[in-house]
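Keeping their order, the protein sequence lines are chains P and F.
In my numbering, each residue carries its 1-based index in the first sequence increased by 32.
In my numbering, each residue carries its 1-based index in the second sequence increased by 6.
Here a beta-carbon is modelled for each residue, glycine too, at the ideal position from N, C-alpha and C.
Heads up, the thing below is written out as structure tokens.
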Amino acid sequence: MRKIKYLLVLFTILFVTACEKTVYFEVETVPNKLVLNAFIQPDTNNIAIIALSLDPLAVGFESVRVTDATIQINKNGELAGTYNHDIDGIYSISDAILNASPNDVFDITVSAPGRETVTASTTIPSSVTIDEIAIIDTVLINVSYSAIDPDGNPIIIDSLIPYFSIKFTFTDPIGADFYTLQVDYKDAYSESFACFSTNDPTFTVNNDFNFGNENEDGSTTLCDEVLFSDVTFDGQQKSIVVNLYAISGEFFDDPRFEFTLTHVAESVYQYRTTAQIQANTGDNPFGEPVIVYSNINNGFGIFGGLSVSRAVVNL
Amino acid sequence: MSYYCKKLIIDKPYAIYGQANTYFHIMKLNKLTKALTFLIAIGALILDAGAQQFTISGYISEAGSSEKLINATVYNSKDFKGTISNDYGFYSLTLPADSVVINYSYVGYNQVKYAFKLQRDTVINVALIPSELLEEVVVTGEGNDEQFQERTQMSTMEIPIEQIKSLPAFLGEVDVLKALQLLPGVSGGSEGSSGLFVRGGSPDQNLILLDGVPVYNASHLFGFFSVFNSDAINKVTLIKGGFPARYGGRLSSVIDIRMKEGNMQTFHGEGSIGVIASRLTFEGPIVKDKTSFMISGRRTYIDLITRPILNAQDNEGVSGYYFYDLNAKINHKFSEKDRLYISGYFGRDKAYFNYDYQYDEDTYRKEDNGLYWGNATAVARWNHMFSNKVFSNLTATFTDYKFDIYSNVTEENDNSPDTYLGFDYFSGIYDWSLKYDIDYVPNPKHYLKFGAGITYHTFEPGATQFITENLDDAIPDFEFGSSSIYATELDLYVEDDWEINKVFKVNIGLHASGFFVDDVFYKSLQPRISTRYLVNSNVSIKASFSTMTQFIHLLTNSGIGLPTDLWVPATDSIPPQNAIQPAIGVAYSLNKKYEFSVEGYYKKTNNIIEYKDGANYLFSGLEGWEEKVEQGEGWAYGGELFIQKKAGKLTGWIGYTLSWSNRQFPNINLGEIFPYKYDRRHDFEVAAIYKINDHIEISGTWVYTSGQPISLPIAKYEGLFNEAIYAYEGRNGYRMDPYHRLDANIAFSKDKGEWSRTWNIGVYNAYSRQNPFFIYQTYDYETNTNNYRQVSLFPIIPSISYEFKW
């Protein structure tokens, strides 16, 4: 009996001490790799930002830019020029040198002292222009918003503002194509992006990366630059109707909406979508980490081609 | 080794012979039964050609308890033609009219032989005596049962329940599923988990059957224990590949668990008092030799132990966690031809937090919060022997899995009516099923099985309910969430275990299934074949090919059996999962004491689902689940080595698995193939049991498994908007440290007449290996650095339990 008591005491002590333990854990990381973020767009001076990757465990995030890099760019297999360092790791090359056009193939090489050289390649997508754009309907809606009166008191202001339905049309080339759409409100004194709602399936099919708000009427409200693909309208003339109102209740001089439709390389689309998902799901403890696309060999970042089309709707 | 041998000349139409616990009945079959047999078997009569033949049939059971013995071997030693008993102990052996010597054997039981002249159809019911009950038997477990190299079936493992009970157990709780983790081709997932990942498959791809009823969530305590009470279990069979056609509905494995039937002769009981739980089982005859029962219960009592401590700290609240299981079975023999089995299982996990306190001067508040989950199964089976060649089984089953979170707040107010606010979130799946199976044994060369079944599924997605009473600002009672989904699954199968010649045997079959859900109908034809080529009496080469279809999916992010996991059906946009699996192997038996097997397999799965990057699942219910998942493909392949010592003072096995398991989804990991989270390159296990003497037995297990693949960032860098982007070497591109662990147990047994007891003293993780459970990032304020920290759950855990039997 005494032995059993002794055993029970021993087991109790061992059982109580058996609990969760944590140990430090070393992970092999790859800091100090070159990071290249650059787009090539016709009819504009193009820039490239060169930085270094950091240890993922580094406290905070302050990018370390590389100021002594050499950037060479080839167009269609021939050396087109080199980038100049402007400031703090930002390099540029003028359109006069590059003279980029749709379907041109660009290869970029970035080297820096003590760093592994990185390379990347992209093709400028074809030009997709906004063929037509027009306001097809306008209704006045009552909007309440809070403000501060001259005495510093919070007040609620009710206002009737116009709500526009705008239709724009473009022609999608045959094959997989990728776009961004941004709508900006502009007037003589200000400009900012405008949120819009739409029932177009383009923005509800595979919409995970845009994080739009689904409305009760089935429409989706989207803000900022929106990514989409031609999966629902490949090779067709596509019309999209968006509904939006100006961010201000009152119009100033020269009010207008500016639509920017950018035909982007697939690499750009993949990078942007995966980066958006990673940014939005990083805090989910049950989610798997999202792998962000990169087309930079031996490094990180993105190198992609764009073709931009703009159209203005005056209000 | 010993056996009984009786030489008989049977020259009368009816004869009964019996001695000790061995007996048999010989009966003349009536014409009506023969005619019925003829009708049922008419399609297969071609198989029955030849000289005049007679059939020996009956049941094989354990002497003393009448517990049916499954897969016991019956063969005629004159021509070595034989068969095995089915899941109900029934056998049928048709032989030419001649002198025969019929051998009955089963592992751990003494062989019985009968010699007589076969002149008519004959019924012999045999009760085999456990070897250990006979003094002259030195070596237990040795028998002339069908050696594993002789079986057509490959990739199948059976662990006797007594062997499982002899192995070291986590916290003293014997666990059937954890014992299966010690077999090659089976991975246990993470530390302490009772989850099973078979040949690179996911947990939802295991068909876990308890008395033929699917169990949807086999986990207690978030996967640390399984729901199966070892005292209530008679037999456990794991099939990893080469699936016989009678099984369907899952891709990766079948875990067929049979409950005890209850002792037909005498009352018995057994139980255990352990560190965290106790068990108690009763069995015995209701009507001797006619009706028996078995009832078994288990409950944890951590909550009962900790409640006084918690109450002392905070006398207003009571919290705790417990789980319990209840197994019950009734077995009734109407006649030699008709038997009825009714069995059920009910288990629950419950965590609760109850809080009573004075809210304000006039109000006393009672809060009742908690969550519970669990399974309930029920099955009624009617065995009917149409003839000595045709055995049927009609089965009706019900299974349900339920998960519920609730919060009820009641306020008792001195000046106004009591108020109530209730919240309830629940999900579950319910199945009703009916199936009919027939075994037809036309001759020793063929063993036909065919049948049909229908299952009606009700999928209850996550739904939330609010109920209020007497609240001033009450909102109307309401419920939101997806409505139930109903589906019907149909199955048809036919298989034949066909001995083509003495060395070549094949099990060929076809499983056909269909699935109605909403307006969609999926159908599937799944051919199966297993072959065995006997190189010599000790060595065989086996090969198999099976196709499987699974009409249901499990929505889970964890893979460890969280109760929040949701079962969902295939839909018009999410088609069923399917798989093919070819396998090849060699089986070698040495002196009937040692078994060696080597198997290689390749498994390709299609339409498996995974949450899209960034999709959240917790409490989101089924609303829009189809848009949250990706469908993709999986590949698993590898080799398995198994060496087993079956007899002697030292028994046990060594298993080794070299395997790969990869998956690919269009929009996950940039569409690239990545290692499945339960991919394990090496998996090595040793299990040994050494019987020092009749009273002391020691056992140990050691497992080594390659590290779990996880995703850890290797760098962070500047994005387009100056944000930090984390870079990974692909999903699951990093391996945690390998897992290894030694468990040991010593058992002291003592017999006191009818009563016996065993003290089990065990230790889990004997050398306190800090095995990785998960890794997280943390910030150290003192050094102003971020670090990865690895969490290890169980350093070393001793246990003690007291078992008793009478």
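Annotated three-state conformation of Glu298(P) is helix, per DSSP. Less than 9 angstroms separates the beta-carbon of Lys335(F) from that of Phe299(F).
Along the region 298-380 of chain F, the alpha helix (DSSP H) occurs as fully enclosed runs of 4 or more residues at 308-319, listed in sequence order. Along the region 178-250 of chain P, the beta strand (DSSP E) occurs as fully enclosed runs of 3 or more residues at 186-203, 210-218, 223-225, 228-230, listed in sequence order. Here Leu124(F) is near Ile62(F), since their CB atoms are less than 9 angstroms apart.
Contacts with chain F at 9 angstroms (Cβ-Cβ) do not include Ser339(P). Here DSSP, grouped into helix, strand and coil, assigns Lys119(F) to strand. Interface flag for Tyr684(F) against chain P is unset, since no Cβ pair is found closer than 9 angstroms. Here DSSP, grouped into helix, strand and coil, assigns Arg304(P) to helix. Restricting attention to alpha helix (DSSP H) runs no shorter than 4 residues, the region 583-640 of chain F encloses them at 631-634, ordered along the chain.
Chain F has no Cβ within less than 9 angstroms of the Cβ of Ala80(P).
Beta-carbon to beta-carbon, Tyr436(F) and Thr464(F) are separated by about 4 angstroms, close enough to satisfy the 8 angstroms threshold. Within the model, the alpha-carbon separation for Thr663(F) versus Ile649(F) is close to 12 angstroms.
Using a Cβ distance threshold of 9 angstroms, Ile323(P) and Leu66(P) do not count as a contacting pair. Close CB contacts of Gly353(F) within its chain, under the 6 angstroms cut and outside five residues either way in sequence, are with Val233, Asp331, Gly380, Asn381 (chain order). In terms of Cβ geometry, Val274(P) and Phe210(P) do not form a close pair [threshold 9 angstroms]. Contact fails between the region 634-641 of chain F and the region 165-181 of chain F, because fewer than three Cβ pairs, one in each stretch, are under 8 angstroms apart. Proximity of chain P to Asn790(F) at the Cβ level (cut-off 9 angstroms) is accounted for by Val91, in chain order.
Between the region 737-747 of chain F and the region 99-118 of chain P there are fewer than three C-beta pairs closer than 8 angstroms, too few to call the two in contact. At a cut-off of 9 angstroms between beta carbons, Gln783(F) contacts chain P. Ala693(F) sits in a strand when the DSSP states are folded into three classes.
For Lys65(P), the nearest beta carbon of chain F is closer than 9 angstroms to its own beta carbon. Residue pairing from DSSP places Ile90(F) in a beta bridge opposite Thr79(F). A distance below 6 angstroms between beta-carbons, with the five flanking residues on each side excluded, links Ile586(F) to the following residues of its chain, in chain order: Thr553, Lys610. At a beta-carbon threshold of 7 angstroms, the residues of chain F lying near Leu86(P) are Ala721, Lys722, Tyr723, ordered along the chain. Note: Trp708(F) is bridge-paired with Val692(F), Leu748(F) in the DSSP secondary-structure output. For Leu676(F), the C-beta contacts it makes with chain P under 8 angstroms involve Gln302, Thr306, Ile323, Tyr325, in order along the chain. When C-alpha distances from Ser196(F) are compared across Arg157(F), Asp685(F), Ile702(F), Tyr608(F), the shortest belongs to Asp685(F). With respect to the C-alpha of Phe228(F), the residue from Arg205(F), Ser199(F), Pro220(F), Lys294(F) having the closest C-alpha is Ser199(F). Around the beta-carbon of Ser595(F), 16 or more other beta-carbon atoms lie within 10 Å, marking it buried. Along the region 502-565 of chain F, the beta strand (DSSP E) occurs as fully enclosed runs of 3 or more residues at 510-523, 526-540, 545-556, 558-561, listed in sequence order. In this structure, the straight-line span from the alpha carbon of Gly114(F) to that of Asn212(F) is close to 29 angstroms. With respect to chain P, the C-beta atom of Tyr740(F) has a partner C-beta closer than 9 angstroms.
Residue pairing for Gln269(P): DSSP places it in a beta bridge opposite Thr203(P). Between the C-alpha atoms of Ser143(P) and Thr149(P) there is a straight-line separation of about 4 angstroms. If you ignore the 5 residues before and after Glu475(F), its C-beta comes within less than 7 angstroms of the C-beta of Thr425, Tyr426, all in its own chain and listed in chain order.
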